[in-house]
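Here the structure is laid out as structure tokens; the discussion comes afterwards.
Quick look at the structure:
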């Protein structure tokens with residue numbers, strides 16, 4: 209993680225957006241598409257706080273992000289160069305600062321397809337200035353709807369029912385396992401071969417059950 213100190217806080221590379229009441233910090237290698245993703249979010253009505261460099265500081269046990277003054281309202285887009293967001297979308301598309309609630313790291317490589325990642329996704333946590341925030345990795349490939357995926361991640365973070373829905377996953381898996389391992393097919397199978405052999409998936413579902421227990425976002429400090 210590249211950090212540089214200033215009198216007002218710590219400057220880190222990245223993009224900060226204010227999305228549906230949450231501050232989302234976009235991280236990732238140069239050229240992965242952070243600014244393009246930010247532009248898509250602006251077009252969907254969300255607010256740009258900072259592009260390329262984010263000034264962070266701890267304030268009242270919260271992580272606050274803002275833009276170094278010289279770069280406020282500007283975004284660097286590949287092949288276009290520096291673009292003034294105020295001229296294109298108006299000042300209402302900008303925010304001077306935001307609490308940082310979630311880090312989203314864009315990567316070029318797909319995540320593992322192991323049982324844990326199939327349910328839990330690529331969630332982890334990040335530590336800035338002693339403040340721990342939820343974090344998520346998204347694979348950035350052409351035509352992938354990153355803006356929509358980030359909105360979903362924010363909605364999950366905002367949802368008061370998320371913990372309950374995640375706790376229910378092991379029950380759903382147990383129910384599906386009972387259907388698969390029954391002596392008779394779990395459907396009438398009109399037009400299907402009623403003698404079809406059903407392969408037990410005990411090993412896979414038990415791994416999924418264990419993974420489901422860890423599905424919730426990491427606790428933030």
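In this note's numbering, the protein residues as written are 209 to 429.
Positions of the beta carbon are idealized from the N, C-alpha and C atoms, including for glycine.
Can you give the beta carbon distance from residue i to residue j, rounded, assuming they're within the 8 Å contact cut?
i, j, result
"residue 301", "residue 226", "So it is not a contact: roughly 10 Å between Cβ atoms."
"residue 309", "residue 365", "7 Å"
"residue 239", "residue 314", "Going by Cβ atoms, the distance from residue 239 to residue 314 rounds to 10 Å, so no, they are not a contact pair."
Checking the sheet assignment: what are the DSSP bridge partners for residue i?
i, result
"residue 246", "Residue 246 pairs with nothing; no bridge assigned."
"residue 227", "230"
"residue 343", "311, 332"
"residue 272", "265, 307"
"residue 256", "225, 302"
At what residues does the beta strand (DSSP E) containing residue i begin and finish?
i, result
"residue 335", "331–336"
"residue 284", "282–285"
"residue 267", "261–267"
"residue 236", "It is not in any beta strand (DSSP E) - residue 236 carries neither H nor E in the DSSP assignment."
"residue 318", "No beta strand (DSSP E) holds residue 318; DSSP gives it neither H nor E."
"residue 222", "Here residue 222 belongs to no beta strand (DSSP E), and DSSP marks it neither H nor E."
For a test of the three-state rule: what should DSSP assign to residue i, helix, strand or coil?
i, result
"residue 294", "helix"
"residue 348", "coil"
"residue 303", "coil"
"residue 392", "Caution applies to residue 392, whose pLDDT of 44 falls short of 50 and renders its modelled position unreliable; the model cannot decide the point."
"residue 308", "coil"
"residue 279", "helix"
"residue 288", "coil"
"residue 405", "Any reading at residue 405 must be qualified, since the residue scores a pLDDT of 44, below 50, and its modelled position is unreliable; the value itself is stated next. Coil at residue 405, not helix or strand."
Let's see if you can read the secondary structure: which residues bound the alpha helix (DSSP H) around residue i?
i, result
"residue 354", "354–366"
For the candidate residues the options, whose alpha-carbon lies nearest to that of residue i?
i, options, result
"residue 273", "223, 347, 344", "223"
"residue 354", "220, 250, 216, 221", "250"
"residue 360", "232, 218, 217, 277", "232"
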